[in-house]
Amino acid sequence: MQALVALAGSILLAAQPAWANADPVTPYSRAQEPPEMGLLDGRIRPCPLDINPNCISTSSRYGASAAIPWTIPDKDSSTAIQKIKDAILSTEKNPTIVEIKHLENGGDYLLAEMDGFLGRDAIEFLVKNNTVTYRSIAKKVVYIYPLTTPLTDFGKQQSRIVSLENRLGWTSPSFQGFGDYPEE
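Letter by letter, the sequence shown follows residues -22 to -1, 1 to 162 of mature numbering (1 follows the signal peptide of the UniProt record, and there is no 0).
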């Protein structure tokens, strides 16, 4: 009888689906891994807003994480990636240039890390023709325990982009005044 019970128990354990023993996947558990960096299908990645609200990207489409690409003046187009590198090194705290590469399609890619509000942040740029697309993201997400509410970096990613844009003197298209009509 004991052998029969032992056999039945081992059959039940073997039949248990793999997910039954797995840890549940939550925003908190997903945020413990650093964000994926690098291009996705030749483009800057969007922000992973479901796990990291401390991000801004020209590939994001909605809300505060969406950004507008920069336009490079013609005089700076051949040296754009070097100018971005110099601006990062002169404006950021403890910057490290992780990667600079020339892409086969003619663009240039730069990845840098620097100190942020909640730890290290990363910023990446894709320069192609006279356009710069970018993403600035906190590499670590800190949650308020026991809630699964991430702490904000109080707009650090957005202010970093504005600071670099001002340092470079480049612009993004302005929609200010769109739809305004002269007074009669």
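Virtual Cβ for every residue (Gly too), placed ideally from N, Cα, C. Every value quoted in this text rests on a predicted model; they were computed, and no experiment measured them.
Going straight from the alpha carbon of residue i to that of residue j, what length do you get?
i: ASN72; j: MET92; result: 5 angstroms
i: GLU82; j: TYR123; result: 46 angstroms
i: SER55; j: GLY147; result: 13 angstroms
i: PHE95; j: PRO12; result: 16 angstroms
i: PHE132; j: GLU70; result: 17 angstroms
i: THR126; j: GLN10; result: 13 angstroms
i: GLY20; j: LEU89; result: 14 angstroms
i: SER43; j: PRO31; result: 8 angstroms
i: THR149; j: ILE75; result: 23 angstroms
i: GLN60; j: LYS106; result: 14 angstroms
i: GLY16; j: THR130; result: 24 angstroms
i: LYS53; j: GLU77; result: 24 angstroms
i: LEU27; j: GLY85; result: 27 angstroms
Helix, strand or coil for residue i, going by three-state DSSP, please let me know.
i: LYS117; result: coil
i: ARG39; result: coil
i: LEU88; result: strand
i: PRO160; result: Any reading at PRO160 must be qualified, since the residue scores a pLDDT of 49, below 50, and its modelled position is unreliable; the value itself is stated next. Residue state, collapsed to three classes: coil.
i: ASP54; result: helix
i: LEU146; result: helix
i: residue 167; result: Nothing about residue 167 can be reported from this structure: the residues present for the chain run from -22 to 162 only.
i: ILE46; result: coil
Tell me which residue opens and which closes the alpha helix (DSSP H) that residue i is part of.
i: THR69; result: 58 to 69
With respect to the beta strand (DSSP E) encompassing residue i, which residues constitute its N-terminal and C-terminal limits?
i: LYS106; result: 98 to 106
i: ILE29; result: Careful: ILE29 lies outside any beta strand (DSSP E) and carries neither H nor E.
i: GLU82; result: Looking at the DSSP string, GLU82 is not in any beta strand (DSSP E), and its letter there is neither H nor E.
Measure how close the beta-carbons of residue i and residue j come, nearest whole angstrom, since I'm counting them as under 8 angstroms.
i: ARG98; j: CYS33; result: Between CYS33 and ARG98 the Cβ distance is about 14 angstroms, and since that is not below 8 angstroms, they are no contact.
i: ILE115; j: CYS25; result: 7 angstroms
i: LEU104; j: ILE22; result: 5 angstroms
i: ILE46; j: ASN108; result: Going by Cβ atoms, the distance from ILE46 to ASN108 rounds to 14 angstroms, so no, they are not a contact pair.
i: ILE62; j: VAL119; result: Contact doesn't hold; Cβ gap of about 26 angstroms is too wide.
Please check if any C-beta of chain D sits within less than 8 angstroms of the C-beta of residue i.
i: PRO128; result: In the displayed structure, chain D is absent; only one protein chain is listed.
Practice task
Tell me, please, whether the segment 62 to 70 touches the segment 32 to 46 by the rule of three or more beta-carbon pairs shorter than 8 angstroms.
Solution key: no
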